[in-house]
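Residue 83 in my numbering is what sits at position 29 of the sequence shown, and the numbering runs on without skipping anything.
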Amino acid sequence: QLSMFDKAYPLDIMGICDDPYCPKCGRGFWTESKRSEVDCERCPDCGIKLDWTLWHRINDKEDN
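See below:
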């Protein structure tokens, strides 16, 4: 059985800029510049595993 630390949780997406937040502790993630935390595997604050799929679906530009 998966523990809380093995299961990947979808990010909370909020605000007009679709900012990503940890679904457990609410930490916001940097998405630009050298400080970017996009695709970090785990939340640096609470340690849960993160799933960035929804954030990418909303934010990645399609090349059509």
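For each residue, glycine too, the CB sits at the ideal point set by N, CA and C. Computed from a predicted model, the values in this text were never measured in an experiment.
Within its own chain, the residues whose Cβ lies closer than 7 Å to the Cβ of PRO77, once the five positions on either side in sequence are excluded, are TYR63, PRO64, LEU65 and ASP66, listed in chain order. Boundaries cannot be given for ILE102, as no beta strand (DSSP E) includes it and DSSP labels it neither H nor E. Between ASP72 and ASN113, the C-beta spacing is below 9 Å. Apart from sequence neighbours up to five positions away, the residues of its chain that approach SER90 with a beta-carbon distance below 7 Å are TRP84, ordered along the chain. The shortest C-alpha to C-alpha distance from VAL92 to any of GLY69, LYS115, ASP105 and MET68 is the one to ASP105.
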